[in-house]
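Structure record follows, encoded as structure tokens.
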Amino acid sequence: MKLAIKLAIRNLIGAGLRTWLNVIVLSFSYVVIIWMNGVMIGWEEQAKHDMKNWQIGGGQYWHHTYDPYDPFTITDSHAAIPKEFEDEVARGDMEPILIVQGTIYPQGRMQSIAIKGIRLNQSIFSQPTHKLDTVVEGGIPAIIGAMMARNMNIAKGDYITLRWRDANGTFDATEVIIVDIFASNVPAIEQGQIYIALDKLQEMALLQDHVTILTYRNDKLERSQVEGWTLKTKEILTKSVDDLIKTKSIGLTVFYFILLLLAMLAIFDTMVLSIFRRQKEIGTYIALGYTRKEVVGLFTVEGAMYSILAALVGAVYGLPFLGWQAKVGWSMPIDVSELGMAIAQTLYPVYSFGLVLSTILIVVITTTIVSYWPSRKIAKMNPTEALRGKIQ
Amino acid sequence: MEIIKTTNLTKRFPMGKGEFTALKGIDLTFGKGEFAGLIGPSGSGKTTLLNIVGSLDVPSDGEALVLGNSIGKLNAKQAAKLRKENLGFIFQSYNLLQVHTVYENVEFPLLLLNLSASDRKKMVLDALEWVGLTDKIKSKPPQLSGGECQRVAIARAMVKRPSLVLADEPTANLDAANSHHILKTMEKLNRELQTTFLFATHDDKVINYLRRKIFLLDGKVDKDEVISSN
């Protein structure tokens, strides 16, 4: 094996430009695969991190009838905070949110929204709820997300008419003033939602002490089911992100496959040509004391060495590139708020040792197989004909 | 001491629907230190015989014993071991490894024998001195003349000091001056190291150097002539 590696290196270096062309193409595959996987991992981490900070905390309890995809459930989805959670809520380690259906009328247009009541001094979410602790004349302080503000042309300081229906079914309306507009990467907490103080919303809806969702901070504690409430762990709540990333990863796998296929075609072509052109050399190896199987091994190692050289060449330009990308990130060429998923405008790739190692292993194994495939022909060669270069 | 002994050696090749018999019951014996040649026109069977003796091919019938090994009974590993340890080859078109230097080409058979780097270096430099190429160790075959390439091939064949060297038309691509030069070199090595040389040739320049001439015709020994003894 040591000798085969030594000879393979001599042969590859001796082959000159042909070797380096293959090596450069293959090294490009390494860098692109690691970079794209890094972007996906970075996106997944960012999405989950943002969801935790803006939407789901360490996990949630939902009122058992609450279904965010069915607006008709919202009217009845509220109840008093269960006794077992009262201490945690008092400590601020669990945050109650009340959701009430409503309508706003920005610039004369009518828009259905979810009114979310949230405590002013909460510290689980990143929404600037302390801004709700403002005394303004002629309106209730409210905050909204930047995506909704942009879509509805609402600016900080704007007064908007808000209409809702209380527990008795009576419609009521008031003016709200937008005291702050926050920007997150989570459309689910911005689009069609307005945040006001929890106690104010409970008063408006005649739902004293009632809440719809309870979000806990600590995701390490084991949580049990509570009657009337449905436990939604962080894993359940981020499943949509996992599914999305999985779907995207399948798409990317196709891309990697095409990229690898191109590189492998180049190597396969080189190996086939090499075996045809180097018949005399193959015959000479056998005459000098190699078995045909050992020559197959030599050519396979030679092919596999492309992937090792490519890893080294890829490291030369790939490491600075990947490091630079991890630092400055990759800015999406389109406005990501339109995509409707938890994705930042700039994605920062995250690379792990496992990612690099698995990429190298995949490329090395694939290259070895692709090199072995045409080399098997050597095992059937007649050495006396190979020596004279007579095999067609 | 018998280096080669063939008994009723026959070799047939498939040809179309039938067979072509290249060797028809050859009986020959070669001893240590012989400088012999198989002489004959194209198709007479000299290269076929050389290939069988070199364990690159196997007999169809009869037996070929090389250094006590029956060629037809060796498996691929045993045949490779015989070539690696005991045989040297010199080819008409040199068959040097083109991307390797002269030094690396000559070193190659020693790498297969797992010798130490210092032993290899000494043996390679000795071999290159025998053929007068110590000033070309860093050159690659494309930078050498035909004569120089064949001298490298001789050095490669001789470097491990084999018992038997098989040379197939070694002068076919060389001019007269170079042919005489390499033949003198091989003759010198044969005398000094007592290595058995077996040529396959129809070149008069080679024939004049041989001390035993075996004329083959249509796969049979036509004449076996010993010019002088060792």
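Heads up: the sequence lines are chains L and P, in that order. According to the working numbering, the first sequence is numbered sequentially starting from 1111. According to the working numbering, the second sequence is numbered sequentially starting from 89. All residues carry an ideal CB built from backbone N, CA and C; glycine is no exception.
Query                                                                                                                     : Result
Contact belief for Val1142 of chain L with Leu1372 of chain L at Cβ below 8 Å, rounded distance in angstroms              : Contact flag wrong, Cβ pair sits at about 11 Å.
Cβ shell of Glu90 of chain P (< 7 Å), same chain only, five flanking positions each side left out                         : Thr117, Gly119
Where Arg1229 of chain L sits in the DSSP three-state scheme                                                              : coil
Nearest residue (CA-CA) to Thr95 of chain P, options P:Leu111, P:Lys169, P:Thr189                                         : P:Leu111
Delimiting residues of the beta strand (DSSP E) encompassing Trp1172 of chain L                                           : 1169-1173
Range of the contiguous alpha helix (DSSP H) that encloses Asp207 of chain P                                              : 205-218
Under 8 Å from the C-beta of Glu192 of chain P: neighbouring residues of chain L                                          : Arg1120
For Asn318 of chain P, three-class secondary structure by DSSP                                                            : Below a pLDDT of 50, predicted positions are generally treated as unreliable, and Asn318 of chain P, at 47, falls in that range; the measurement from the model is reported next regardless. Residue state, collapsed to three classes: coil.
Neighbouring residues, chain P, relative to Gly1361 of chain L (Cβ below 8 Å)                                             : Near Gly1361 of chain L there are no residues of chain P at all, since even the closest Cβ is about 42 Å away, more than 8 Å.
Val1246 of chain L to Gln1303 of chain L span [Cα, whole Å]                                                               : 21 Å
Backbone CA spacing between Leu74 of chain P and Glu1404 of chain L [nearest angstrom]                                    : A query on residue 74 of chain P cannot be resolved here, the shown segment of chain P reaching from 89 to 318 and no further.
Residue of L:Ile1470, L:Ile1209, L:Ala1283, L:Thr1476 minimising C-alpha distance to Ile1323 of chain L                   : L:Ile1209
Positions along the stretch 1382-1401 of chain L whose CB lies within less than 8 Å of some CB in chain P                 : Lys1390, Glu1391, Gly1393, Thr1394, Ile1396, Ala1397, Leu1398, Gly1399, Tyr1400, Thr1401
Sequence-distant residues of the same chain with beta carbon closer than 8 Å to Gly125 of chain P, five excluded per side : Leu286, Phe287, Ala288, Thr289, Val294, Ile295, Leu298, Arg300, Lys301, Ile302
Glu192 of chain P: first and last residue of the uninterrupted alpha helix (DSSP H) it sits in                            : 190-200
Which of helix, strand or coil DSSP assigns to Gln1318 of chain L                                                         : coil
Three or more C-beta pairs below 8 Å linking the stretch 1226-1241 of chain L and the stretch 1331-1339 of chain L        : no
Cβ separation of Tyr1326 of chain L and Gln1237 of chain L, assumed to be a contact under 8 Å, to the nearest whole Å     : Not confirmed; about 17 Å, so no contact.
Members of the stretch 1411-1425 of chain L near chain P, C-beta cut-off 8 Å                                              : none
Whole-angstrom distance between Gly142 of chain P and Ile178 of chain P, CA atom to CA atom                               : 11 Å
Sequence-distant residues of its chain with Cβ nearer than 6 Å to Asn318 of chain P (five each side left out)             : Residue placement at Asn318 of chain P cannot be trusted, given a pLDDT of 47 that sits under 50; the coordinates are not used to answer.
Residue closest to Ala1256 of chain L, alpha-carbon to alpha-carbon, out of L:Gln1232, L:Tyr1179, L:Ala1224, L:Pro1297    : L:Pro1297
Alpha carbon of Met246 of chain P to alpha carbon of Val253 of chain P, nearest angstrom                                  : 8 Å
Ser1462 of chain L in three-state terms, based on DSSP                                                                    : coil
Pairwise C-alpha distance: Met1111 of chain L and Ala1118 of chain L                                                      : 10 Å
Rounded straight-line distance, which links the Cα of Gln1318 of chain L to that of Asp1290 of chain L                    : 26 Å
Burial state of Phe1409 of chain L, where buried means 16 or more other Cβ atoms lie within 10 Å                          : buried
Residue range of the unbroken alpha helix (DSSP H) whose run includes Pro1430 of chain L                                  : 1402-1438
Distance, Leu1432 of chain L Cα to Trp1440 of chain L Cα                                                                  : 11 Å
Contact list for Ala1125 of chain L against chain P, beta-carbon separation under 8 Å                                     : Val187
Outcome for Ile1346 of chain L when other beta-carbon atoms lying within 10 angstroms are tallied against a minimum of 16 : exposed
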